[in-house]
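Undergrad: Note that full-length UniProt numbering numbers the sequence shown so that position 67 is 67, with each residue one more than the last.
Structure below; questions to follow.
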Amino acid sequence: MTETGSSFSATQSYTLAIDGMGGDGGPEVVVAGLAIAADRHPSARILLIGDENRLRTLLAQYPQAAAICTVRPAGSAISMEMKPTAALRVRDSSLRLSMDAVSNGEAMGVVSAGNSGAMLALAKIVIKTLPGISRPAMAAISPTTKGDVVMLDLGANVACDWRNLVEFAVMGEAFAKAVLGLPAPTIGLLNVGSEELKGDERLRQAAEVLRGSPLARQFHGFVEGHDITAGTTDVVVTDGFTGNVALKTGEGALKMAFTLLRQVFSSGLLGRIGYLLVRPGLERMKEWLDPRRYNGAVFVGLNGVVVKSHGGTDAEGFASAVDVAIDMVTHDFNAGIRDQLARMGSLTASRFSNEKESTQAVSAS
Numbered sequence: 001m002t003e004t005g006s007s008f009s010a011t012q013s014y015t016l017a018i019d020g021m022g023g024d025g026g027p028e029v030v031v032a033g034l035a036i037a038a039d040r041h042p043s044a045r046i047l048l049i050g051d052e053n054r055l056r057t058l059l060a061q062y063p064q065a066a067a068i069c070t071v072r073p074a075g076s077a078i079s080m081e082m083k084p085t086a087a088l089r090v091r092d093s094s095l096r097l098s099m100d101a102v103s104n105g106e107a108m109g110v111v112s113a114g115n116s117g118a119m120l121a122l123a124k125i126v127i128k129t130l131p132g133i134s135r136p137a138m139a140a141i142s143p144t145t146k147g148d149v150v151m152l153d154l155g156a157n158v159a160c161d162w163r164n165l166v167e168f169a170v171m172g173e174a175f176a177k178a179v180l181g182l183p184a185p186t187i188g189l190l191n192v193g194s195e196e197l198k199g200d201e202r203l204r205q206a207a208e209v210l211r212g213s214p215l216a217r218q219f220h221g222f223v224e225g226h227d228i229t230a231g232t233t234d235v236v237v238t239d240g241f242t243g244n245v246a247l248k249t250g251e252g253a254l255k256m257a258f259t260l261l262r263q264v265f266s267s268g269l270l271g272r273i274g275y276l277l278v279r280p281g282l283e284r285m286k287e288w289l290d291p292r293r294y295n296g297a298v299f300v301g302l303n304g305v306v307v308k309s310h311g312g313t314d315a316e317g318f319a320s321a322v323d324v325a326i327d328m329v330t331h332d333f334n335a336g337i338r339d340q341l342a343r344m345g346s347l348t349a350s351r352f353s354n355e356k357e358s359t360q361a362v363s364a365s
């Protein structure tokens, strides 16, 4: 397979492998986003995978992107509608070849705006999970009144047990350190109340393990839905079903708020005058809450950095996803997870073993 673009050797190590064909906007958005990312990360080396002719034509229009990219041809692309099981069988897709580059150590991470189900399935099969992690989770950053918060899981695992939640806490803490630059991020378990007796057994078990773990000082305890936007903790841990509902509810509430503001400020002369008076503040708020700043959900718990860009994002949003991936690579995100898992290993293994013995004893009786 020949590679074109920059004159890098085929055996060099790339910072990221990029799926050039993923997302609603396709290669046009990807390459435009890489041009923005190139200004921020001029030393990055990108392996851009997809339709060679389309990618080369676009790179000719964006010399900044061309300076950091090497193009690798791919025979096909995974559509947004393709089922994950079908995507696993397509060996020459741009998404699969991007995953292969991380698996074989050629690239340190992958970014795609493509099919999220196919992306997770391929990541689990090709890149595989880290030792000690039972399931990868989807993590992302959201705004709060105090700054930013890391939330996970946001949909990768609909049902979780206490062990999964403890692993999510470990991965979320490492993510907050790498991407938000926090030396000791605080952690909260999302629950229906903050009292210790609230919630189901898996939540109480996860909380008990975390209170007796090396993360005890950072563990805040249970948090409620309003604590997410209040910034009560730096990391919010939950199962994928609850996390996805919370995320979509927050996005919907934000859209509703902006819709209502537009109605108020366009309702008449007084409304338009009011808008002119508060416009500077509204512009700052709009910039702060811009979803493009928070684009880039991460599948954590894998043997490599895997970042999912929103499929409908623009170039600025895709560049933000690249920013997240490079931050994680630069700060050796997975090393933090491995270290923390090693410190917590005997604690979780002992509880898991006791739980199995108890279950077997009940079954035998």
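Backbone N, C-alpha and C define an ideal beta-carbon position, used for all residues, glycine too.
Between the beta-carbon of Thr15 and the beta-carbon of Arg45, is there less than 8 Å?
TA: Reading the sequence shown from its first residue, position 15 is the one you call residue 15. Reading the sequence shown from its first residue, position 45 is the one you call residue 45. Yes, the Cβ-Cβ distance between Thr15 and Arg45 is below 8 Å.
Undergrad: Check whether the segment 89–106 and the segment 271–287 are in contact - that is, three or more C-beta pairs closer than 8 Å.
TA: As far as the Cβ criterion goes, the segment 89–106 does not touch the segment 271–287, which means the pair count is below three.
Undergrad: Taking a contact to mean a Cβ-Cβ separation below 8 Å, would you say Gly50 touches Ala77 in this structure?
TA: In the sequence shown, residue 50 corresponds to position 50, counting from 1. In the sequence shown, residue 77 corresponds to position 77, counting from 1. Yes; because the gap between Cβ atoms is below 8 Å, this pair is in contact.
Undergrad: Is it the case that the Cβ atoms of residue 373 and Ile133 are separated by a distance below 8 Å?
TA: What is shown of the chain runs 1 to 365, which leaves residue 373 out entirely.
Undergrad: Grab the span of the beta strand (DSSP E) containing Leu16 for me, first residue to last.
TA: Here residue 16 corresponds to residue number 16 of the sequence shown, with the count starting at 1. Start and end: Leu16 to Asp19.
Undergrad: Pick from Leu47, Asn53 and Ile36: whose alpha carbon is nearest that of Pro63?
TA: Taking the sequence shown and counting its residues from 1, the one referred to as residue 63 is at position 63. With distances taken between Cα atoms, Pro63 lies closest to Ile36.
Undergrad: Name the two residues that bound the continuous alpha helix (DSSP H) containing Ile326.
TA: Along the sequence shown, read from residue 1 onward, the residue named residue 326 stands at position 326. Its alpha helix (DSSP H) spans residues Ala315 to Thr330.
Undergrad: Look at His220 and Thr186 and say whether their C-beta atoms are less than 8 Å apart.
TA: Here the question's residue 220 lines up with position 220 in the sequence shown. Here the question's residue 186 lines up with position 186 in the sequence shown. It is a contact, given that the beta carbons lie within the stated cut-off.
Undergrad: Near Gly75, what residues of its chain come up, given a Cβ to Cβ distance below 8 Å and the 5 sequence neighbours on each side ignored?
TA: Taking the first residue of the sequence shown as 1, we reach residue 75 at position 75. Closer than 8 Å at Cβ, skipping near neighbours: Asp92 and Ser93.
Undergrad: Let me make sure I understand the geometry here. Which of Leu154, Pro42, Val90 and Gly172 has the alpha-carbon closest to that of Asp323?
TA: Indexing the sequence shown from 1 puts residue 323 at position 323. It is Pro42.
Undergrad: Since Met151 is in the beta strand (DSSP E), which residue starts that stretch and which ends it?
TA: Start at 1 with the first residue of the sequence shown, and residue 151 comes out as number 151. Taken as a continuous stretch (DSSP letters only), the beta strand (DSSP E) holding Met151 covers Asp148 to Leu152.
Undergrad: State the Cα-Cα distance for the pair His331 and Leu270, rounded to the nearest angstrom.
TA: Residue numbering aside, residue 331 sits at position 331 when the sequence shown is read from its first letter. Residue numbering aside, residue 270 sits at position 270 when the sequence shown is read from its first letter. Each residue's alpha carbon lies about 51 Å from the other.
Undergrad: Quick check on Glu167: buried or exposed, where buried means 16 or more other Cβ atoms within 10 Å of its Cβ?
TA: For the purposes of this step, residue 167 is taken as the residue at position 167 of the sequence shown. By the 10 Å Cβ count, Glu167 comes out buried.
Undergrad: On the criterion of 16 or more Cβ atoms from any shown chain inside 10 Å, does Val264 qualify as buried, or is it exposed?
TA: Looking up residue 264 in the sequence shown gives position 264. The residue is exposed, with fewer than 16 neighbouring Cβ atoms inside 10 Å.
Undergrad: Between Ala123 and Phe333, which are expected to be in contact by the criterion C-beta below 8 Å, what is the C-beta distance as a whole number of angstroms?
TA: For the purposes of this step, residue 123 is identified with residue 123 of the sequence shown, where counting begins at 1. For the purposes of this step, residue 333 is identified with residue 333 of the sequence shown, where counting begins at 1. Not quite, the Cβ-Cβ distance comes to about 15 Å (not below 8 Å), so this is no contact.
Undergrad: Can the beta-carbon of His310 be found closer than 8 Å to that of Ala113?
TA: For the purposes of this step, residue 310 is taken as residue 310 along the sequence shown, with counting starting at 1. For the purposes of this step, residue 113 is taken as residue 113 along the sequence shown, with counting starting at 1. In this structure, Ala113 lies closer than 8 Å to His310 by Cβ.
Undergrad: Whose C-alpha, out of Val179, Leu180 and Arg204, is nearest the C-alpha of Asn191?
TA: To locate residue 191, count along the sequence shown from 1; it is residue 191. Selected option, being the one with the closest Cα: Arg204.
Undergrad: Which residues does DSSP list as the beta-bridge partners of Ile187?
TA: Within the sequence shown, numbered from 1, the residue matching residue 187 stands at position 187. Paired residue(s): Phe219 and Val235.
Undergrad: Can the beta-carbon of Leu95 be found less than 8 Å from the beta-carbon of Gly22?
TA: Taking the first residue of the sequence shown as position 1, residue 95 is located at position 95. Taking the first residue of the sequence shown as position 1, residue 22 is located at position 22. Cβ atoms of Leu95 and Gly22: closer than 8 Å.
Undergrad: Looking at Met328: is its Cβ nearer than 8 Å to the Cβ of Leu247?
TA: Position 328 of the sequence shown, counted from the first residue, corresponds to residue 328. Position 247 of the sequence shown, counted from the first residue, corresponds to residue 247. Not a contact, by the Cβ cut-off of 8 Å.
Undergrad: Determine the closest residue to Gly336 out of Ser320, Ala315 and Gly304, with distance taken between C-alpha atoms.
TA: Position 336 of the sequence shown, counting from 1, holds the residue named residue 336. Of the candidates Ser320, Ala315 and Gly304, the one whose C-alpha sits nearest the C-alpha of Gly336 is Gly304.
Undergrad: Give me the residue from Arg135, Asp200, Val235 and Thr145 with the minimum Cα distance to Pro183.
TA: The sequence position of residue 183 within the sequence shown is 183, counting from 1. Ranking the options by Cα distance to Pro183, first place goes to Val235.
Undergrad: In three-state terms, what does DSSP make of Met82?
TA: Along the sequence shown, read from residue 1 onward, the residue named residue 82 stands at position 82. Of the three classes helix, strand and coil, the one that applies to Met82 here is coil, per DSSP.
Undergrad: With DSSP run on the structure shown, which of helix, strand or coil describes Leu182?
TA: As a first step, residue 182 must be located in the sequence shown, where it is residue number 182. Coil, per DSSP.
Undergrad: In chain order, what residues of the same chain have a beta carbon less than 7 Å from the beta carbon of Gly252, not counting five sequence neighbours either side?
TA: Walking along the sequence shown from the start, residue 252 turns up at place 252. Same-chain partners within the cutoff: there are none.
Undergrad: Check for me: the beta strand (DSSP E) holding Leu34 runs from which residue to which?
TA: If you number the sequence shown from 1, residue 34 lands on position 34. Looking at the DSSP string, Leu34 is not in any beta strand (DSSP E); the run it does join, the alpha helix (DSSP H), is Gly26 to Arg40.
Undergrad: Determine the contact status of Pro214 and Gln340, defining contact as a CB-CB distance below 8 Å.
TA: In the sequence shown, counting from the first residue as 1, residue 214 sits at position 214. In the sequence shown, counting from the first residue as 1, residue 340 sits at position 340. The answer is yes: Cβ separation under 8 Å.
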